[in-house]
Structures are given as C-alpha cells and as structure tokens.
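**Q** Residue numbers (this note's numbering): 31 to 301.
Quick one: this structure, given as structure tokens, is what I'll be asking you about.
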C-alpha cells in the first residue's frame with residue numbers, strides 16, 4: 031500500500047471538532063479530560079483498556095521520552111503521557127490526523143508533554159538513541175515495509191529501550207473477509223502472522239520478551255460500553271467508512287472470534 035492509499039483511507043476533515051463535540055456530551059458538566067476524548071480518539075480494538083496494557087509494558091516514567099509510531103489523533107499518546115508522565119512524540123503519515131492530535135492535546139492542556147508531526151515511520155527524522163521507549167498501536171496492518179519500520183525504531187531507541195507493538199495479526203495463512211476497518215480489499219491489507227512479527231522484530235535487533243492476546247479484553251470493553259458511546263463511535267467511523275462501516279467491523283469481529291486474527295500485544299527489548 032502506497033502512502034497515498036493510507037492517507038486516502040484515513041483522512042477526514044473536522045476530526046478534532048467532532049471528537050470534542052462528542053466528548054463534551056459525555057463529560058457533561060465535568061471538566062473535559064483525556065478519559066472523555068478516549069472514547070472517540072482511541073478507536074483501536076480494546077480502546078483505552080488496551081492502551082493501558084501498552085502503557086504498563088513501556089517501563090518508562092516521568093521525564094522519559096516515548097515515540098508513538100502512527101499516532102493517529104493522539105489518543106494513546108495522551109493516555110500514556112497522563113498515566114506515566116513521559117513526553118510522547120507522535121509521528122503519523124496523515125496531516126489531518128496530526129493537526130487533530132495537536133488541537134485535542136491543546137484543548138486538554140497536554141501540549142507541553144505531547145507533540146505530533148507528519149512523518150514516515152520507514153524514514154524517521156530523529157537522531158539515534160532519541161527515545162527511551164516506543165509504541166505502535168494498530169498500524170502494522172497498513173504497512174508493507176514492517177522491517178524498515180522496526181529497523182528505524184531500533185535506531186532511535188536507546189540501548190535496552192522497550193518497543194511495544196499492539197497490532198491485529200494473522201494466526202495462520204487464512205485472511206479475514208473484506209472489507210475490514212483498515213482496507214477495502216486484500217490488496218490494501220498487510221496483515222502479517224504472529225510468527226512473521228517475531229521474526230521481523232528479531233531481525234531488526236529486538237528480543238521479544240512478552241506476548242499477549244487481548245481478544246478477551248476487546249470483548250470486555252464491548253460489554254462495558256453504553257449505547258450512547260457506541261453510537262458516538264459509529265458516527266466517528268462514518269467519517270471514514272460511510273455505509274461500509276458496519277460490515278467492516280462485523281468482518282474483523284468474526285475473524286477474531288474464529289481465531290483467524292488476534293489483537294496481539296508484543297513487548298520487545300532493543301538489543
């Protein structure tokens with residue numbers, strides 16, 4: 031998938047305004063916070079519950095430096111920054127997402143500890159050993175050149191730095207039915223297997239220390255969501271997917287239920 035295809039699938043104008051409107055409705059009279067934004071800016075499977083698992087694995091604290099690869103609207107970056115206290119730098123291919131991410135961070139007073147920039151994860155502009163830890167949430171399925179991404183993350187991490195990957199991964203040769211949330215068809219999807227992720231990370235200079243299938247957590251979040259939250263999220267999704275949204279999410283839910291795809295978290299250490 032070329033850069034233009036990724037940008038085309040995920041661009042939508044007015045993202046920050048839409049998130050703020052829906053989050054404010056949830057917050058009511060309470061001050062608007064990251065926890066309200068997270069319902070609508072952390073739309074990866076498992077939402078903020080999954081982000082909490084990522085944060086726990088990062089092993090970084092106040093004053094640390096974290097890279098968020100494919101940072102989207104900045105939800106995970108804000109969650110990690112508020113939970114752990116590091117400065118999080120997000121890089122995303124889509125200018126609209128970067129603009130929305132910065133606007134949302136400004137709105138909740140986090141512009142001092144989160145920054146976002148347009149960039150290509152296969153060719154990062156940072157100096158060697160810039161970051162103490164890195165994370166990548168639901169990005170790899172869009173990226174054919176995972177080896178290049180992992181190599182660049184390895185380069186910009188300090189020795190023994192942590193890289194946490196949370197991606198949908200195939201369990202074998204079978205593919206999910208299409209369309210899915212990130213691709214209309216198989217030619218635009220770059221799902222890799224669990225074994226391929228392990229191999230690519232190892233070849234890039236990492237040691238995979240932990241792995242977790244978060245399918246149970248994804249189901250837990252689904253059961254906890256209110257009808258209003260689900261409706262708001264579906265409205266957000268319609269900005270990208272129009273009438274295809276429901277079938278895209280049914281297909282990936284079926285793939286996870288049938289064991290074709292796992293929402294898997296991998297914790298890797300830079301050698």
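Note that the Cβ used here is the ideal one computed from N, Cα and C, for glycine as well.
With a threshold of 8 Å on Cβ separation, who are the neighbours of residue 234 within its own chain once the five nearest residues in sequence on each side are excluded?
**A** As a first step, residue 234 must be located in the chain shown, where it is residue number 204. Excluding positions up to five away in sequence, the list reads 177, 180, 181, 183 and 184.
**Q** Compute the distance between the beta-carbons of residue 108 and residue 140, then report whether it is under 8 Å.
**A** Residue numbering aside, residue 108 sits at position 78 when the chain shown is read from its first letter. Residue numbering aside, residue 140 sits at position 110 when the chain shown is read from its first letter. Yes, Cβ-Cβ distance for residue 108 and residue 140 is below 8 Å.
**Q** Classify residue 190 as helix, strand or coil using the three-state DSSP reduction.
**A** Numbered from its first residue, the chain shown carries residue 190 at position 160. DSSP places residue 190 in strand when its eight states are reduced to three.
**Q** Quick check on the burial criterion: 16 or more other C-beta atoms within 10 angstroms. Buried or exposed for residue 162?
**A** For the purposes of this step, residue 162 is taken as residue 132 along the chain shown, with counting starting at 1. Its Cβ being crowded by 16 or more others within 10 Å, residue 162 is buried.
**Q** What are the boundary residues of the beta strand (DSSP E) that includes residue 97?
**A** For the purposes of this step, residue 97 is taken as residue 67 along the chain shown, with counting starting at 1. It spans 95-99 - the beta strand (DSSP E) in which residue 97 sits, taken as one unbroken run.
**Q** Alpha helix (DSSP H) containing residue 112: first to last residue?
**A** Along the chain shown, one-based indexing puts residue 112 at 82. Segment 105-114, the alpha helix (DSSP H) holding residue 112.
**Q** Here's the rule: buried if 16 or more other CB atoms are within 10 angstroms of the residue's CB, otherwise exposed. What is residue 250?
**A** Within the chain shown, numbered from 1, the residue matching residue 250 stands at position 220. Counting Cβ neighbours within 10 Å, residue 250 comes out exposed, since fewer than 16 surround it.
**Q** Which residue marks the beginning of the alpha helix (DSSP H) containing residue 253, and which one marks its end?
**A** Within the chain shown, numbered from 1, the residue matching residue 253 stands at position 223. It spans 245-254 - the alpha helix (DSSP H) in which residue 253 sits, taken as one unbroken run.
**Q** Just to confirm, does residue 53 get its C-beta within under 7 Å of one of the non-hydrogen atoms of the ligand NAD?
**A** Of the ligands one can find in the structure shown there are none, so the ligand NAD has no counterpart to examine.
**Q** Contact defined as beta carbons within less than 8 Å: I believe residue 84 pairs with residue 194. What is the distance between those atoms, to the nearest angstrom?
**A** Working through the chain shown from its first residue, we reach residue 84 at position 54. Working through the chain shown from its first residue, we reach residue 194 at position 164. Right, their Cβ atoms sit about 5 Å apart.
**Q** Between the Cα of residue 192 and those of 142, 299 and 282, spot the shortest distance and give me the residue it belongs to.
**A** For this step, residue 192 is matched to residue 162 along the chain shown. When each option's Cα is compared against that of residue 192, the closest is 299.
**Q** Considering Cα atoms alone, identify which of 56, 115 and 128 is closest to residue 45.
**A** The residue you call residue 45 lines up with position 15 of the chain shown. It is 128.
**Q** In the DSSP output, what is residue 68 paired with across the bridge?
**A** The residue labelled residue 68 in the question sits at position 38 within the chain shown. Note: residue 68 sits in no beta bridge, so no partner.
**Q** Counting C-beta neighbours from all protein chains within 10 Å, is the total for residue 76 16 or more, i.e. buried, or is it exposed?
**A** To locate residue 76, count along the chain shown from 1; it is residue 46. Buried, since its Cβ has 16 or more Cβ neighbours within 10 Å.
**Q** For a test of the three-state rule: what should DSSP assign to residue 200, helix, strand or coil?
**A** Numbered from its first residue, the chain shown carries residue 200 at position 170. Here residue 200 sits in strand by DSSP.
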